[in-house]
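Peer 1:
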Amino acid sequence: MSTDVYKHKYSISIYLVLFLLISCLCDEEVCLSDSQCAQDLSTTKNRFLLYDVNPPEGFNLRRDVYMRFAILAHKLKLSKNEKLKHFRLVLPPWSHLYHWTYNPNPEQMPWGLFFDLESLKSFAPVIEMHEFFNAIDRKYSVVIDEVYILQHFKDMFETGNFEDRMKIEECRAKSHLIYFFYNNITSKNVKCLSYHGPATKLSELLDKSPAKIILLHHAEVALHHMFGDKLYWQCRRSMRFNKELRSIAADFRQQFLNSSDDLDGTILPNRWQDEKPHRNAVGGPYLGVHLRRKDFLTGRANQVPSVENIVQQISEKLKKLSLSTVFVATDASDEEYGDIIRKIPPEYKTIRYTPSEKVKTKYKDGGIAIIEQIICSHARHFIGTQESTFSFRIQEEREIFGFPIKSTFNSFCREHNGCPQPSVWKIVY
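Quick look at the structure:
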C-alpha cells in the first residue's frame, strides 16, 4: 500500500471518528462551536420568524418593536402547539438608520454589538441573522417562504373600529422590500395583511401557515400585548446593554462624574430574573439631561423650550439639589450647545461625552447614544424631552435601577404651555 493511500484512509478514519463524536455531543445538546449550535437550529421542527420596521423609524422605536415580538416569541416558546413552540425570532441587523451617520455600504450590525445577547435569550428564543443563515445552511441564497406586509385597515380611523382583526387585502402602498440590505435574500410569496391588534395575535397567522421561514414587514403596525404589565417589564429588564458599552460608560462616570455603581446604589443582579422590588438607587452627584433638538425644533416647535429657558431650568434644578455638575446628552448643533454652556452660571460645570475614534469606529452612532443613555440613567436626577423615545428609554432604565419616581419622570418645559410631564410607568412585579 502506498504512503499516499495510507494517509488518505487514515484521514478518513479520523474525520469519521470526529463526526461521530460531534454527533453524540449534539444529541446531548452540547455545542462546541457556533456551527454546531446552528446544526441544532436546523432541525426540521424549527421555524423562523423574521421582522422588519419602516425604514425612517429610529433606534429607540425599533427597540420598542423588538419587545412586542420578543413577547410573542416568549409566548410561542411556552405554547403546547407543536407548530408554534419551535419558532425562533430572527433579530434584524442594524443598518442605514436615518438618524445615524453611516457609510454608503450597509453595516448590518448585529444586536450583540449593542445588547447582551445572553440576557435577551434568557427571555425569548432569539437568534442573530448570521445564526439564521448558518441554521438553514444557505449562506449564498435565502428564499423566504412567506412575506406579510402589515398595514392598517383603511376604514379604521374613519369608522372608529379598533377591534382586533386581520385580513389579507390589496396592498395600498408600494413597499420596496430590501430584505435587510442583503442581496442574497428573496421571497416566494408576498401578501399585504391589514392588521389591528397586539403582536401576540399574529400567532393565529403563524399557526395556519405551513411556512418554515416567515417575514413580517412594517412590524411597527402590531401593538404591545399589554403595555407596562409584568410581562412587558420582564422583557424590558432582559434588554441589558452590551457589557463593553456599560464598561465605557462606567469609566467615564468614575473619571468625570465621581459616580460608580457601589456609590450610586445601582448594582443589579447578574440575572434580570433575580431582581427584587426596591426603590433605593441614589445616583451619581450630577444632573442628567437629554435635549432633543434637530427635528424637534421644526416638527414640535410648540413644545421645544428656548436655550434661555433650558439654562434657567437646569440652573434652578442644580441649585435645588445642591449639585454642581450637569451631564448633557443632546443632538443640538455645536453652536447651540456652546450657547448653552456660555449661559449656564460659572459655578456649575457642564459635561458632555466625546467618544474616542475607536468607539466611533466600532459602535457608530448607536453605541454612542447608548453610552449617553447609560450615563443619564445613573444621574441623581434626570430631565428629558417631552415625547422623545430616547428620554423614555432612560426613564425605563432608571425605573429598573429603582430610582425615586420624582427623580426620573421629568421633562423640560416650554414657556407658557402648562409644562406637561411624562406619564409614570412603574415596574409591575
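In numbering that gives the first Met the number 0, the protein residues as written are 0 to 428. Here a beta-carbon is modelled for each residue, glycine too, at the ideal position from N, C-alpha and C.
If you run the structure through DSSP and keep just helix, strand and coil, what is PHE255?
Peer 2: It is helical.
Peer 1: Less than 6 Å between C-beta atoms, sequence neighbours within five positions excluded: which residues of the same chain meet that for SER174?
Peer 2: Here the set comprises ILE148.
Peer 1: With a CB to CB cut of under 6 Å and the five nearest residues on each side skipped, what residues in its chain are close to SER406?
Peer 2: Closer than 6 Å at Cβ, skipping near neighbours: HIS380.
Peer 1: Classify ILE247: buried if its beta carbon has 16 or more other beta carbons within 10 angstroms, exposed otherwise.
Peer 2: ILE247 is buried by the Cβ-count criterion.
Peer 1: For the alpha helix (DSSP H) containing ILE143, name the first residue and the last one.
Peer 2: No alpha helix (DSSP H) contains ILE143, which is instead part of the beta strand (DSSP E) from 141-143.
Peer 1: Quick one: Cα of LYS501 to Cα of TRP424, how far?
Peer 2: The structure shown does not extend to residue 501, since the chain is modelled only from 0 to 428, so the question has no answer here.
Peer 1: Can you tell me the Cα-Cα spacing of ALA221 and GLY227, whole angstroms?
Peer 2: In a straight line, the C-alpha of ALA221 is about 16 Å away from that of GLY227.
Peer 1: Can you tell me which residues form a DSSP beta bridge with PRO197?
Peer 2: Answer is LEU222, bridged to PRO197.
Peer 1: Excluding the five sequence neighbours on either side, which residues of its own chain have a C-beta within less than 7 Å of the C-beta of ILE177, listed in chain order?
Peer 2: Counting only Cβ-Cβ distances below 7 Å, and skipping sequence neighbours, we find nothing.
Peer 1: Give me, in chain order, the residues of the same chain whose beta-carbon lies closer than 6 Å to that of PHE86; leave out the 5 immediate sequence neighbours on both sides.
Peer 2: These residues qualify, in order along the chain: ARG46, LEU48, LEU75.
Peer 1: For the region 382-401 against the region 357-366, are there 3 or more C-beta pairs whose distance is under 8 Å?
Peer 2: Segments in contact, no.
Peer 1: With DSSP collapsed to three states, give me the class of ALA328.
Peer 2: Note: ALA328 maps to strand in three-state DSSP.
Peer 1: Near SER314, what residues of its chain come up, given a Cβ to Cβ distance below 8 Å and the 5 sequence neighbours on each side ignored?
Peer 2: Correct list, in chain order: ILE343, PRO344, TYR347.
Peer 1: Identify which residue in PRO105, GLU203, GLU168 has its Cα closest to the Cα of LYS84.
Peer 2: Closest option to LYS84, Cα to Cα, is GLU203.
Peer 1: Indicate whether the contact test is met: 3 or more Cβ pairs, each with one atom in the region 90-98 and one in the region 109-120, closer than 8 Å.
Peer 2: Enough Cβ pairs lie closer than 8 Å, so yes.
Peer 1: Just mark PRO54 as buried or exposed, buried being the case when its beta carbon has 16 or more other beta carbons within 10 Å.
Peer 2: With fewer than 16 other Cβ atoms within 10 Å, it is exposed.
Peer 1: Alpha carbon to alpha carbon, what distance is there between GLU307 and ASP33?
Peer 2: The predicted model places ASP33 with a pLDDT of 43, which falls under 50 and marks its position as unreliable, so this point remains unresolved.
Peer 1: Relative to the alpha-carbon of SER239, which residue among GLN420, GLU334, ILE370, TYR97 has its alpha-carbon at the smallest distance?
Peer 2: Reading the sequence as shown, one finds Arg at residue 239 and not Ser. The shortest Cα separation from ARG239 among GLN420, GLU334, ILE370, TYR97 belongs to ILE370.
Peer 1: For PHE326 versus GLY287, is the C-beta distance shorter than 8 Å?
Peer 2: The answer is yes: Cβ separation under 8 Å.
Peer 1: Can you tell me where the beta strand (DSSP E) holding THR289 begins and where it ends?
Peer 2: A quick correction: the sequence has His, not Thr, at residue 289. 283-290 is the extent of the beta strand (DSSP E) around HIS289.
Peer 1: Nearest to ILE404 by alpha carbon, out of LEU317, ASN279, ASP115?
Peer 2: When only C-alpha atoms are compared, the closest one is ASN279.
Peer 1: Count the other CB atoms, across all protein chains shown, that sit within 10 Å of the CB of ASP273; report buried if there are 16 or more and exposed otherwise.
Peer 2: Under this definition ASP273 is an exposed residue.
Peer 1: According to DSSP, is TYR50 helix, strand or coil?
Peer 2: The answer is strand: DSSP assigns TYR50 an E or B state.
Peer 1: Alpha carbon to alpha carbon, how far is LEU290 from ASP333? Give it in angstroms, no decimals.
Peer 2: ASP333 and LEU290: Cα-Cα distance of roughly 13 Å.
Peer 1: Could you check which residue in GLY196, ALA368, PHE122, ILE184 has the C-alpha nearest to that of ARG392?
Peer 2: Of the candidates GLY196, ALA368, PHE122, ILE184, the one whose C-alpha sits nearest the C-alpha of ARG392 is ALA368.
Peer 1: Using CA coordinates, which residue listed in ILE339, TYR336, GLN233, GLN420 is at the minimum distance from PHE122?
Peer 2: It is GLN233 whose Cα lies nearest to the Cα of PHE122.
Peer 1: Between the beta-carbon of SER208 and the beta-carbon of VAL146, is there less than 8 Å?
Peer 2: Taking 8 Å as the Cβ cut-off, SER208 and VAL146 do not qualify as a contacting pair.
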